[in-house]
Amino acid sequence: MFSDTAIQLQPVFAQWIQNTHALAPGTTAPGATTSTSLTWGGGDLVAVGGKVALLPIPLGTADFLAIIFMHLQFM
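At position 30 of the sequence shown the residue is numbered 54 (the numbering used here), and the sequence of numbers has no breaks.
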């Protein structure tokens, strides 16, 4: 439906939300020893300095358009 080769946009809002979610376990559940989602690496959490670490998942134009569409539905 959407092509990631069309217009290259940077989904800044989506990346901000993603970063917030990636940082949340370190502050809300610092003693967590298991993962709650395959997104966070299944059961293989990586700790750096005693905090949960996760590499960012790159988002493309199609992800950006889907997020905008979802937000517009709930306005």
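Just so it is clear, CB atoms sit at the ideal spot from N, CA and C, and this is done for glycine as well.
Given residue i as reference, the closest of the options once Cα atoms are compared
{"i": "T52", "options": "K75, Q39 and L96", "result": "K75"}
{"i": "G102", "options": "V72, L96 and F37", "result": "The requested residue 102 is not part of the displayed model; the chain covers only 25 to 99."}
Beta-carbon contacts of residue i that lie in its chain and below 6 Å, excluding the five residues immediately before and after
{"i": "W40", "result": "none"}
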